[in-house]
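Residue numbers (our numbering): 282 to 477.
Right, dumping it as C-alpha cells:
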C-alpha cells in the first residue's frame, strides 16, 4: 500500500501539480493496510488533493437561459468540509438580459449566506465576480463574501457579506439568476475556481 501511495505522489509531483496548501496525512488505522481497502484509500487521497489544489472546480458547459420568475440555479459546487483559514473560491460569470426593464438579480449562495447583485437593464450585458474566503478557522468559522459586477457600462455597487457557516461538513456553493416579474437572463459563461 505504501508503495502505491508513494508512486501516486511521485506521479502527481512529476506532472507539475502545484499545491499551495497542505494535504492531511492518511489515518493510521489498520484498515488502510488491507488489500480490499485500496480503492477507499485512494479515494480518500484524491479527496484530500482536490481540497487543496488550485484551479477550476466547476464551470458552465453551455449558455443557460432562465425560465419563470423563481431563482434558477446555474452552477452548483460542494465545498469540501474543513475549508482552512485563508482559502478562497472565486466565481466569475457573464451574460445578458432580455429586452425589458424588469428587475433581475444574481445571487451567490454559500450555505445560508446569499448576497445579491442587481443587474437590471433592458437587453444589458453584465458580468460579476464573487470571492468566498474563510477568514477564521474551522473551529471558529467566519467567512467574507464579496460580490461585484457591472451591467452595460455601469458598475454595480459591491455587496460584502460576513457569515459564520459551520465548516465541519460540506457546504453548497451555487449561483442563481432571478427575473423578478418577467423576462429572462442568459448566463453565457461561469467558472468557480479554488484559489489560495
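A virtual CB, placed ideally from N, CA and C, is assigned to each residue, including glycine. Source: prediction; values computed, not measured.
From residue i to residue j, what does the alpha carbon distance come to, in whole angstroms?
i           : j           : result
residue 465 : residue 432 : 15 Å
residue 293 : residue 350 : Caution is warranted here: a pLDDT of 49 is assigned to residue 293, below 50, making its placement in the model unreliable, and the coordinate value is therefore given only provisionally. Cα-Cα distance, rounded: 46 Å.
residue 396 : residue 321 : 37 Å
residue 345 : residue 375 : 11 Å
residue 340 : residue 475 : 12 Å
residue 377 : residue 448 : 34 Å
residue 473 : residue 373 : 7 Å
residue 404 : residue 318 : 56 Å
residue 380 : residue 336 : 35 Å
residue 358 : residue 413 : 13 Å
Return the residue from the list the options that minimises the CA-CA distance to residue i.
i           : options               : result
residue 402 : 446, 362, 461 and 318 : 461
residue 467 : 316, 385 and 452      : 385
residue 363 : 473, 450, 369 and 446 : 450
residue 444 : 325, 378 and 415      : 415
residue 367 : 438, 383, 336 and 418 : 418
residue 478 : 361, 429, 469 and 324 : One cannot answer for residue 478 here, as it falls past the ends of the chain, which runs 282 to 477.
residue 435 : 398, 327 and 324      : 398
residue 387 : 369, 440 and 324      : 440
residue 429 : 347, 371, 356 and 316 : 371
residue 382 : 369, 365 and 400      : 400
How far does the beta strand (DSSP E) with residue i in it extend, from its first residue to its last?
i           : result
residue 457 : 452–460
residue 439 : 435–444
residue 276 : Any question about residue 276 goes unanswered here, given that the chain covers just 282 to 477.
residue 390 : 385–391
residue 368 : Run containing residue 368: none; DSSP gives neither H nor E here.
residue 416 : Element bounds for residue 416: n/a, residue is neither H nor E.
residue 379 : Premise fails: residue 379 is in no beta strand (DSSP E) and is neither H nor E.
residue 424 : 424–432
residue 357 : 353–360
residue 395 : It is not in any beta strand (DSSP E) - residue 395 carries neither H nor E in the DSSP assignment.
residue 339 : 336–340
Stretch pair the stretch 421–428 + the stretch 390–409: three plus CB contacts closer than 8 Å
The count of Cβ pairs closer than 8 Å, one atom from the stretch 421–428 and one from the stretch 390–409, reaches three, so the stretches are in contact.
Touching or not, the stretch 403–410 and the stretch 337–357, by the rule of three or more beta carbon pairs under 8 Å?
Contact fails: fewer than three Cβ-Cβ distances are below 8 Å.
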